[in-house]
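S.K.:
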Amino acid sequence: MITGFIDFNLIDYLVKDISSMNRKILMVNPNLMKPPVAPVGLDYLHSKLQHAGFEVSLLDLGFSHEVDKGIEHALDDDYLFIGISLRNVDDSYFASRDFCLQKSREIINKIRDFSKCPIVLGGVGFSIFPVQVMQYCNADFGIYGDGELALPMLATALRQKTDYASIPGLSYKDGDNYKSNPAKYLDLDKTSLCQRDLVDNALYFQKGAMVGFESKRGCDRRCIYCADPVAKGRNIRLRDPRDVGVELKGLLEQGITHFHTADSEFNVPEEHAKAVCQAIIDQCLGDKIQWYAYCVPVPFSEELANLMRKAGCVGIDFTVDSGNNGQLQRLGHVHRVDDIGKLARLCHRYAFSFMFDLLLGGPGETRQTVNETFELMKSLEPSRVGISLGVRLYPDTPLGIAVKKQGVTRNPHLHGAIDNNSKMLRPIFYLSHELGDDIEPYILELTEGDSRFFFVSKGQTIQSYNYNDNSQLMEAIKKGYRGAFWDILRRLAENPSP
Ligand code: B12
Ligand code: SF4
């Protein structure tokens, strides 16, 4: 109704509406891999954005049957920006080479069809290749590394229309180019991450078998192939163990009983791992929850094994990589074959379900080193052995840098996206030429009839060590199996009831 009077109620409403619109942020999880993995980082970011006065909603495409409709529906509203969490650039698997960033880009393009809001990228996959992913996705902003500090800073700058150019870790458009600021890592011990209430973790538990939690960030080791120090930093930053205990207690109250660490390696440093176990025990969770961890073979003392058991850890996935000392040294590991033997005996004594992860095909790998590795695995009898054949190359890793120096074209060890891929964004793998052309059938022959070995070769669907669209796992989770994916596959083979 138009009158000659100013409608103060209407002005109040409009002012309120504009200010609340300015506070609204949409975070998107575009990870379509199945079984779904909960986007832990989005929960951690939510608590900090909320604390800074922003209203966050989540568009979680992890469960969406109709991605386009989900996007259309979520974009009914207007947002200060739309944040996209990019966890996986590809599945890092030699046999499948699924470059899932392409699907994420399609999702971003679809979002752009419905919204003019700025697009902000982040996540571990993003942080391995910040500028390349920005360019590939044509994003407005990106934040490398920890998002808890920088994202609220960016949100505040966008809301107040102030300068964002000095925000740590920020990449942004500058004309036709992108500019990137150095990151500032969070003092994890001084911040609380225990609030977990944006993501529907209970639904993830129902459909994804376990929920992640972090006890630290970063890794100070120098394994030549590994992208974790690139994405998470080369210094280890520890969380307050008590905060981890409180976080797990809160998730248990949401009905979640099975967890997986989201650290690079849980037992580095060992003292912190022990303190985290003690904090979980202090919360009286040891017999109420079951959790799984990624660990390296050293340091792993009997005291740690004992504490992990008491704190509810039932399974461990160890980064073993090889059973040949020369190969371990070339890969940059600190453990040796003797350590692997001691570790296996300790794990058997403490009745852990444990998997040894192998990474075959790195520089210097020959059939002899492969044979030694399989002999060691068979003699130590881990619960499962996960085999990755071919090493995904990443920039800024010692191996990535060395390969770039040697030259990519006509390098007999390289496979995958070799042309026009100098930044290694599309999946490119190192597979030692010494292994010969028929290495896949050779490994299948070595492991034939032994259900402890997971291996993926083209077309293989059972005993597959690729969690990307793993239908066997999806079926098992539907039937009620819970826990780490490899442990579910073990139980499926050994005792086909949940
Ligand atoms: C734990 C883990 C697993 C567990 C998950 C268990 C669970 N329930 O959570 C399991 C074993 C299931 C797993 C499976 C796979 N994984 Co995994 N996994 C990890 C690991 C170690 C932790 C991931 C995590 O949760 N981190 C903790 C959270 C808090 O960190 P974050 O997500 O990075 O979020 C922070 C920042 O990135 C940022 N951020 C996040 N989102 C956003 C969004 C915006 C807008 C902004 C600004 C910031 C931001 O802020 C957050 C807080 O600081 C990472 C390596 C690593 N150290 O991160 C590999 C990693 C992500 N995995 C990887 C891969 C390849 C896979 C698989 C595809 C393997 C396979 N072929 O089967 C599958 C995929 C499964 C799936 N459905 O997605 C690769 C991806 C690399 C790549 N090339 O893309 C990684 C990086 C390991 C590596 N170095 O190779 N994984
Ligand atoms: S493989 Fe493990 S120990 Fe080695 S650098 Fe990566 S995260 Fe660290």
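For the sequence shown, the positions run 1292 to 1789 when the working numbering is used. Ideal Cβ placement from N, Cα and C applies to all residues, glycine included. All of these numbers come straight from a predicted model, not from anything done at the bench.
When you compare only the Cα positions, how much space is there between GLU1725 and ARG1658?
M.R.: 8 Å
S.K.: Which residues count as close to the ligand SF4 when the rule is a CB under 6 Å from any of its heavy atoms, in chain order?
M.R.: CYS1510, ARG1512, CYS1514, CYS1517, ASP1519, PRO1520, SER1555, GLU1556, VAL1587 and THR1610
S.K.: Going by C-alpha distance, which of ARG1781, ARG1487, ALA1708 and THR1447 is nearest MET1646?
M.R.: Here the closest residue by C-alpha is ARG1781.
S.K.: Is it true that the CB of ILE1607 sits closer than 8 Å to the CB of CYS1586?
M.R.: yes
S.K.: Mind checking LYS1507: buried by the 16 CB within 10 Å criterion, or exposed?
M.R.: buried
S.K.: Sort LYS1315, VAL1682 and PRO1654 by Cα distance to ARG1450 and report the nearest one.
M.R.: LYS1315
S.K.: Would you tell me roughly how many angstroms separate the C-alpha atoms of LYS1307 and PHE1345, rounded to the nearest one?
M.R.: Since pLDDT at LYS1307 reaches only 44, below the 50 mark, its modelled position is unreliable, and the value read off the structure follows with that caveat. Their Cα atoms are separated by approximately 14 Å.
S.K.: How many Å lie between PHE1420 and ASN1468 at the Cα?
M.R.: Taking the straight line from one Cα to the other gives about 15 Å.
S.K.: Keeping to the same chain, check which residues put their C-beta closer than 8 Å to that of HIS1639; ignore five residues upstream and five downstream.
M.R.: GLU1672
S.K.: Looking at C-alpha atoms only, which residue of LYS1565, GLY1438, LYS1470 and GLY1603 is the closest neighbour of LEU1539?
M.R.: GLY1603
S.K.: Once the 5 residues before and after TRP1777 are set aside, which same chain residues still bring their CB inside 7 Å of it?
M.R.: ASP1608, MET1646, ARG1675, GLY1677 and PHE1745
S.K.: Taking the C-alpha atoms as reference points, what is the distance between ASP1437 and LEU1461?
M.R.: Approximately 11 Å, taken between the alpha carbons.
S.K.: Determine the direct distance from the alpha carbon of ASP1381 to that of ASN1712, and round the result to whole angstroms.
M.R.: 14 Å
S.K.: Does the segment 1502-1518 come close enough to the segment 1611-1623 to have 3 or more Cβ pairs within less than 8 Å?
M.R.: The segment 1502-1518 vs the segment 1611-1623: in contact.
S.K.: Ignoring anything shorter than 4 residues, give me the alpha helix (DSSP H) runs that lie fully in the segment 1603-1683, in order along the chain.
M.R.: 1616-1622, 1628-1640 and 1658-1671
S.K.: So, using beta-carbon positions, are VAL1682 and GLY1653 closer together than 8 Å?
M.R.: yes
S.K.: Thinking C-alpha only, which one of ASN1429, GLY1433, LEU1542 and LYS1452 is nearest LEU1484?
M.R.: LEU1542
S.K.: At 3 residues or longer, what runs of the beta strand (DSSP E) sit wholly inside the segment 1698-1782?
M.R.: 1705-1707, 1719-1721 and 1744-1746
S.K.: Any heavy atom of the ligand B12 closer than 7 Å to the CB of VAL1559?
M.R.: no
S.K.: Which whole-angstrom value is the C-beta distance of ILE1719 and LEU1705, which I expect to be below 8 Å?
M.R.: Indeed, because the Cβ distance is near 6 Å, the residues count as touching under 8 Å.
S.K.: The ligand B12 heavy atoms versus the CB of MET1501: any closer than 7 Å?
M.R.: At least one heavy atom of the ligand B12 is nearer than 7 Å to the Cβ of MET1501, so yes.
S.K.: What would DSSP say about ALA1343, mapped onto helix, strand or coil?
M.R.: coil
S.K.: Which same chain residues end up closer than 7 Å to ASN1616 when comparing Cβ atoms and leaving out the 5 residues on each side of it in sequence?
M.R.: ARG1627 and VAL1628
S.K.: Please state whether the Cβ-Cβ distance between GLY1374 and LEU1479 is less than 8 Å.
M.R.: no
S.K.: What residues match up with PHE1432 in a beta bridge as DSSP calls it?
M.R.: VAL1411 and TYR1463
S.K.: State yes or no: is the C-beta of VAL1424 within less than 8 Å of the C-beta of LEU1377?
M.R.: yes
S.K.: Buried or exposed, going by whether 16 or more other CB atoms sit within 10 Å of the CB of ALA1635?
M.R.: buried
S.K.: Give the DSSP bridge partners of LYS1315, in chain order.
M.R.: GLU1346
S.K.: Tell me the DSSP secondary structure of ILE1547 in three-state form.
M.R.: coil
S.K.: Return yes when the Cβ of ILE1398 is within less than 8 Å of the Cβ of PRO1321, no when it is not.
M.R.: yes
S.K.: Quick one: measure Cβ to Cβ for GLU1439 and LEU1336, integer angstroms, because I've assumed they're closer than 8 Å.
M.R.: With 8 Å as the limit, GLU1439 and LEU1336 qualify as a contact, their Cβ atoms being about 6 Å apart.
S.K.: In this structure, how does DSSP classify THR1552 when only helix, strand and coil are distinguished?
M.R.: strand
S.K.: With a threshold of 6 Å on Cβ separation, who are the neighbours of PHE1296 within its own chain once the five nearest residues in sequence on each side are excluded?
M.R.: With a pLDDT of 36 at PHE1296, under the threshold of 50, the modelled position of that residue is not reliable, and the figure given next carries that caveat. Residues of the same chain with their beta carbon placed closer than 6 Å to that of PHE1296 are lacking, with the five preceding and five following residues left out of the count.
S.K.: Any heavy atom of the ligand B12 closer than 7 Å to the CB of ILE1607?
M.R.: The answer is no for ILE1607.
S.K.: Buried or exposed: which applies to PRO1588, given that a residue is buried once 16 or more other Cβ atoms fall within 10 Å of its Cβ?
M.R.: Buried: at least 16 other Cβ atoms inside 10 Å.
S.K.: Using the C-alpha atoms, what's the distance from GLU1561 back to LEU1595?
M.R.: 7 Å
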